[in-house]
Amino acid sequence: SQQGEEDPQALSIQEGENATMNCSYKTSINNLQWYRQNSGRGLVHLILIRSNEREKHSGRLRVTLDTSKKSSSLLITASRAADTASYFCATPYTGGFKTIFGAGTRLFVKA
Amino acid sequence: DVKVTQSSRYLVKRTGEKVFLECVQDMDHENMFWYRQDPGLGLRLIYFSYDVKMKEKGDIPEGYSVSREKKERFSLILESASTNQTSMYLCASSFEGYNEQFFGPGTRLTVL
């Protein structure tokens, strides 16, 4: 199975609520990245957290990393309709040239 | 801002045709990647390149080839298109292997 796997597969919330997505991976990592993809478009990088970091913030995004559990979570606070998208976690292989993307969480924010 | 462009947003080809997908990046990145994205399967790496004229197979290289004659340009070639190659194709580039990747808008290819 894939290195990074997101949970849940789909999430539907009301505008203003918080959205939490989780990612699990299998092997040791140098860093873990989160990306967003709007429908039918390319992926956009959101945030990168290094293996020696536990938490990182960027605007309304908060990412945590637990290397002992091989898991990460992405929290979007005060969600907006424009946050409706698919969110992917990604982990580079050792050596760095190949990055494994999970299957993604589809987030739908209702106005 | 890094810009990655792809030659077409939508493409329709017939079975057996030779298909070229072009990708250009403007930030002098060493690494470039081609993925395909299919529902339920996520992104799968087809080929990547870490330098001009260098290429490495990804997870699903069968039926594809690539060319990187200039640093900014990475082409994906479908030698003889088949219907199972109908997919969204995404190109990406990165400065170093572990860094974030910058994606193009994607090419939705339909093979009839």
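For the record, the sequence lines run as chains Y and E.
Residue numbers 1 to 111, in my numbering, belong to the letters of the first sequence in order.
Residue numbers 1001 to 1112, in my numbering, belong to the letters of the second sequence in order.
Beta carbons are placed, not taken as given, at the ideal position from N, Cα and C, and that holds for glycine.
Cβ neighbour criterion (16 or more within 10 Å) applied to residue i
{"i": "MET1032 of chain E", "result": "buried"}
{"i": "ASP1059 of chain E", "result": "exposed"}
{"i": "TYR1010 of chain E", "result": "exposed"}
{"i": "ASN18 of chain Y", "result": "exposed"}
{"i": "HIS1029 of chain E", "result": "buried"}
{"i": "PRO92 of chain Y", "result": "buried"}
{"i": "GLY42 of chain Y", "result": "buried"}
{"i": "ASP83 of chain Y", "result": "buried"}
{"i": "MET21 of chain Y", "result": "buried"}
{"i": "GLY1016 of chain E", "result": "exposed"}
{"i": "ALA111 of chain Y", "result": "exposed"}
{"i": "SER1 of chain Y", "result": "Interpretation of SER1 of chain Y is limited by its pLDDT of 37, a score under 50 that renders its predicted location unreliable; the figure taken from the coordinates is listed afterwards. Burial call: exposed."}
Contact set between residue i and chain E, taken where Cβ atoms lie within less than 7 angstroms
{"i": "HIS57 of chain Y", "result": "Those do not exist, as HIS57 of chain Y stays about 17 angstroms from chain E at its closest Cβ, beyond 7 angstroms."}
{"i": "GLY104 of chain Y", "result": "GLY1042"}
C-beta contact flag for residue i and residue j at 8 angstroms
{"i": "LEU1021 of chain E", "j": "SER1075 of chain E", "result": "yes"}
{"i": "ASN30 of chain Y", "j": "SER51 of chain Y", "result": "yes"}
{"i": "GLN1085 of chain E", "j": "GLY1104 of chain E", "result": "no"}
{"i": "LYS1003 of chain E", "j": "ASP1038 of chain E", "result": "no"}
{"i": "LYS70 of chain Y", "j": "TYR25 of chain Y", "result": "yes"}
DSSP bridge partner residues for residue i (one or two, in chain order)
{"i": "ARG1036 of chain E", "result": "E:ARG1044 and E:TYR1089"}
{"i": "GLU1079 of chain E", "result": "DSSP, once it has assigned bridges, lists no residue as partnering GLU1079 of chain E."}
{"i": "TYR1010 of chain E", "result": "E:ARG1108"}
{"i": "LYS1057 of chain E", "result": "E:TYR1047"}
{"i": "LYS110 of chain Y", "result": "Y:GLN14"}
{"i": "GLU1030 of chain E", "result": "Answer by DSSP bridge pairing: none, since GLU1030 of chain E is not bridged."}
{"i": "GLN33 of chain Y", "result": "Y:LEU48 and Y:ALA90"}
Contacts that residue i makes with chain Y (C-beta to C-beta distance below 8 angstroms)
{"i": "PHE1048 of chain E", "result": "PHE97 and LYS98"}
Distance cut-off 7 angstroms: residue i Cβ against heavy atoms of the ligand PLP
{"i": "PHE1048 of chain E", "result": "Judged by which ligands are present, the structure shown has none, so any question about the ligand PLP falls away."}
Under 7 angstroms from the C-beta of residue i: neighbouring residues of chain Y
{"i": "LEU1043 of chain E", "result": "PHE101"}
8 angstroms Cβ cut-off: residues of chain E touching residue i
{"i": "LEU75 of chain Y", "result": "Here the premise fails: no neighbours, minimum Cβ distance about 19 angstroms."}
{"i": "ASN52 of chain Y", "result": "Correct list: empty, because the minimum Cβ distance to chain E is about 13 angstroms."}
Cross-chain neighbours of residue i in chain E, by beta carbon under 9 angstroms
{"i": "ASN38 of chain Y", "result": "Chain E residues near ASN38 of chain Y: none, gap ~10 angstroms exceeds 9 angstroms."}
Contact set between residue i and chain Y, taken where Cβ atoms lie within less than 9 angstroms
{"i": "PHE1103 of chain E", "result": "TYR35, GLN37, ARG41, GLY42, LEU43, VAL44 and HIS45"}
Practice item. Note down, one range per segment and in chain order, each alpha helix (DSSP H) of at least 4 residues found wholly within the region 40–99 of chain Y. Key: none
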